[in-house]
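S.K.: As numbered in my numbering, the sequence shown has no gaps in its residue numbers, which increase by one up to the final residue, 630.
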Amino acid sequence: MDLSRTVRGRLILFGVLYFVQGVPWGFISLPLSLYLTAKGMGPDQIGKVLALAYLPWSFKLLIAPLSDALNLGRLGRRRPWILGAELGMGLTLLGLAALDPQGSMSLFLSLIFLHNLFAAAQDVGVDALAVDILDEKERGTANGVMWSMKYAGVAVGGGGFAMIASRVGWRGLFLIMAAMIFAAALLPALVREPSRPPADNVVVETARTLLTTARSFALRATFFGLILFVLAPAGSSLLGAMSSPFYRLRLGYSEEEIGKLSGLYAAALSAAGAFAGGILSDKLGRRRAVLLFTLVTAALHVAFSVLEPQWGSRNVVYGLALTTAFADGMLQATYLSLAMDLSNPAVGGTQFTAFMSLANVRNTWTAWVGGQAATRLAAPEMFMLAAASLIAPLVLLPLVNPAEAKEAFRKKAKEKEGEAPPP
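Shown next as structure tokens:
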């Protein structure tokens, strides 16, 4: 059985792998945030903890060249990497299950950091495998499936786990996550990668990968694409540190209700949005879709702000929160597809990871800035800030042309094969 041979098999493979990435992410973003809120931490402190959890994802750029250089011949290039990373993810979760977070917070957070480091490594391998085996025409749909399944994982790890935390306890939550990851680790074994000879020298191969990646980023489209990914889309992560205190303390919602709204319903709508956004971006074109979905998401943040007098109505709050989640899902999936379009297949793992790594740099700085801003700005002003952070980077969009990058990569590949480049 080879899951990579059919479109359905590829979608199942990447959907499941992204789902298990989303479960721990959802746990960190909601149940952990609620726990820290209950312990009396304010948005600024929660922002720092979330930044610590996001930080390892910024290291993806450092480990991606190793992923591209690693080649174990018949065992594959991506499969061993993914399996090793998932083993590390599962083992760190078993370690967390043995801890009492109330008595060992520093060790607890250290293992959270280490778990996310393995998760980032797994993400590198999965994304590189996607660049290797996904056809260009199915990338939008595939990225829609991937992000929708990641949001589904976030819903389970966030809202779902928040609702059952009092019943199964922290240890039970970590054991459940570990079991999910170990089960998903079976899927990469069902993928047959293209045959390549083993690498003679990993150091040399890594150096070549870095050089090719640097040249790939010398293009105007990819260079400004890097800047774009550092800045956008930042709306949801900018509001992350404020979210739980806002619902719990400002609106007076219970932890269970927050779990249902933010971690379950919103995540489900984000998943649906990601699926729809991926398909629509194939039809509209990436940049047109980015522009459209950004304007819609920013408008919803503005609406949340100006409708402050109506925040006492759950219909208003739920409606705004859920439609914003849907729009944000569309936007996130489209940005992911744009990054894949800007990546050189010759160094797909490293270059695509560079985009994603800088996206996680964005998550890190916006979590910190958002936490600091929430202590100084009122909630309506925070929503306006989120809208502005989405709109401003659009000035770079005309400079980020995927077609320009694809043509340059194609010419370089022909030159490498010893063929004359087309006129």
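Just so it is clear, CB atoms sit at the ideal spot from N, CA and C, and this is done for glycine as well.
Bear in mind that the values here come from a model prediction, so they are computed numbers and not experimental data.
Just to confirm the assignment: which complete alpha helix (DSSP H) runs, minimum length 4, are found wholly within the region 324-362?
M.R.: Taking only runs of at least 4 residues, the alpha helix (DSSP H) segments lying wholly in the region 324-362 are 346-362.
S.K.: Is Leu545 buried or exposed, if buried means 16 or more other CB atoms sit within 10 Å of its CB?
M.R.: Buried: at least 16 other Cβ atoms inside 10 Å.
S.K.: For Gln517, count neighbouring C-beta atoms within 10 Å of its own C-beta (all shown protein chains included) and say buried if the count is 16 or more, exposed if not.
M.R.: Exposed, since its Cβ has fewer than 16 Cβ neighbours within 10 Å.
S.K.: Hey, how far is the Cα of Val223 from the Cα of Leu543?
M.R.: Approximately 17 Å between the Cα atoms of the pair.
S.K.: Could you check what DSSP says for Gly519 in three-state terms: helix, strand or coil?
M.R.: Reduced to three states, the DSSP call for Gly519 is coil.
S.K.: Below 6 Å CB to CB, which residues in the same chain sit around Glu190 once its five sequence neighbours on both sides are set aside?
M.R.: The structure shown does not extend to residue 190, since the chain spans only 208 to 630, so no value can be given for it.
S.K.: On the criterion of 16 or more Cβ atoms from any shown chain inside 10 Å, does Thr213 qualify as buried, or is it exposed?
M.R.: By the neighbour-count rule (16 or more Cβ atoms within 10 Å), Thr213 is not buried but exposed.
S.K.: Thinking just about the alpha-carbon of each residue, which of Gly432, Ser461 and Leu527 is nearest to the one in Leu514?
M.R.: Measuring from the Cα of Leu514, the nearest candidate turns out to be Leu527.
S.K.: Do you know offhand how far Ile235's Cα is from Lys621's?
M.R.: Roughly 45 Å between the two C-alpha positions.
S.K.: Within 10 angstroms of the Cβ of Arg399, are there 16 or more other Cβ atoms? Answer buried if so, exposed if not.
M.R.: Arg399 comes out exposed.
S.K.: If you count every other CB in all the chains shown that lies within 10 Å of the CB of Asn522, and 16 or more means buried, which is it?
M.R.: Exposed, by the Cβ-count rule.
S.K.: For the candidate residues Gly466, Ala369, Asn323 and Ala428, whose alpha-carbon lies nearest to that of Leu604?
M.R.: It is Ala428.
S.K.: Assuming Pro230 contacts Gly364 (C-beta within less than 8 Å), just tell me the rounded distance between them.
M.R.: The identity of residue 230 in the sequence shown is Val, whereas the question assumes Pro. Rounded, the Cβ-Cβ distance is 4 Å, consistent with contact.
S.K.: With Lys490 as the anchor, note down where its alpha helix (DSSP H) starts and where it stops.
M.R.: Segment Ala473 to Leu491, the alpha helix (DSSP H) holding Lys490.
S.K.: Starting from the Cα of Ile319, find the closest Cα among Leu268, Leu239 and Lys344 and give me that residue.
M.R.: Checked all of Leu268, Leu239 and Lys344; the closest Cα to Ile319 is Leu239.
S.K.: With DSSP collapsed to three states, give me the class of Leu458.
M.R.: In the structure shown, Leu458 sits in coil (DSSP, three-state: anything other than H, G, I, E or B).
S.K.: Tell me which residue opens and which closes the alpha helix (DSSP H) that Val375 is part of.
M.R.: Counting along the chain, the alpha helix (DSSP H) containing Val375 begins and ends at Phe368 to Ala391.
S.K.: Just curious, the alpha helix (DSSP H) that Leu445 is in, first and last residue?
M.R.: Gly442 to Leu445 is the span of the alpha helix (DSSP H), which, as asked, contains Leu445.
S.K.: Cα-Cα, which of Phe590, Asn608, Asn551 and Gly366 is closest to Ala441?
M.R.: The residue with the shortest Cα to Cα distance from Ala441 is Phe590.
S.K.: Comparing C-alpha positions only, which one of Met296, Val509 and Leu433 sits nearest to Leu565?
M.R.: Here the closest residue by C-alpha is Leu433.
S.K.: Keeping to the same chain, check which residues put their C-beta closer than 6 Å to that of Pro628; ignore five residues upstream and five downstream.
M.R.: Low per-residue confidence applies at Pro628: pLDDT is 46, beneath 50, and the placement is therefore not dependable enough to give any value.
S.K.: For the alpha helix (DSSP H) containing Asp209, list its first residue and its last residue.
M.R.: First-last for Asp209: undefined, no H or E at that position.
S.K.: On the three-state DSSP scale, how would you describe Val437?
M.R.: Val437: helix per DSSP, three-state reduction.
S.K.: Whole angstroms are fine: how far does the CA of Ala396 sit from the CA of Ala390?
M.R.: Going from the Cα of Ala390 to the Cα of Ala396 covers about 12 Å.
S.K.: Ordered along the chain, which non-local residues of its own chain (more than five positions away) have a Cβ less than 6 Å from that of Ala362?
M.R.: If we look at Ala362 and ignore the five residues flanking it on each side, its Cβ neighbours are Leu471, Ala474 and Ala475.
S.K.: Does DSSP classify Gly641 as helix, strand or coil?
M.R.: The requested residue 641 does not occur in the structure, where the chain is confined to residues 208 to 630.
S.K.: Got a sec? Which residues, its chain only, sit under 6 Å from Val352 by beta carbon, not counting five neighbours each side?
M.R.: Leu218 and Gly222, listed in sequence order.
S.K.: Less than 8 Å between the beta carbons of Ala496 and Ser488, yes or no?
M.R.: It is a contact, given that the beta carbons lie within the stated cut-off.
S.K.: My output table needs one value for Val411: the three-state DSSP class, helix, strand or coil.
M.R.: Val411: helix per DSSP, three-state reduction.
S.K.: Suppose the cutoff is 7 Å on Cβ atoms and the five residues either side in sequence are ignored; what does the same chain contact list for Gly347 look like?
M.R.: Only Gly485, Ile486, Ser488, Asp489 and Ser544 meet the Cβ criterion.
S.K.: Beta-carbon separation of Thr420 and Ala561 under 8 Å?
M.R.: Going by C-beta atoms, Thr420 is nearer than 8 Å to Ala561.
S.K.: Starting from the C-beta of Thr501, find all residues in its chain whose C-beta is less than 8 Å away, skip the five residues before and the five after it, and write them out in chain order.
M.R.: Within the same chain, Thr501 has close Cβ partners Ala439, Pro440, Leu538, Leu597, Ile598 and Leu601.
S.K.: How about Phe226 and Gly360: are their beta carbons less than 8 Å apart?
M.R.: Their beta carbons are under 8 Å apart, which means Phe226 touches Gly360 by this criterion.
S.K.: Between the C-alpha atoms of Ala386 and Ala425, what's the straight-line distance to the nearest angstrom?
M.R.: So the two alpha carbons sit approximately 43 Å from each other.
S.K.: Taking the alpha helix (DSSP H) that Ser596 belongs to, which residues open and close that run?
M.R.: First-last of the alpha helix (DSSP H) with Ser596: Ala586 to Ile598.
S.K.: In chain order, what residues of the same chain have a beta carbon less than 6 Å from the beta carbon of Leu220, not counting five sequence neighbours either side?
M.R.: Closer than 6 Å at Cβ, skipping near neighbours: Leu210 and Leu394.
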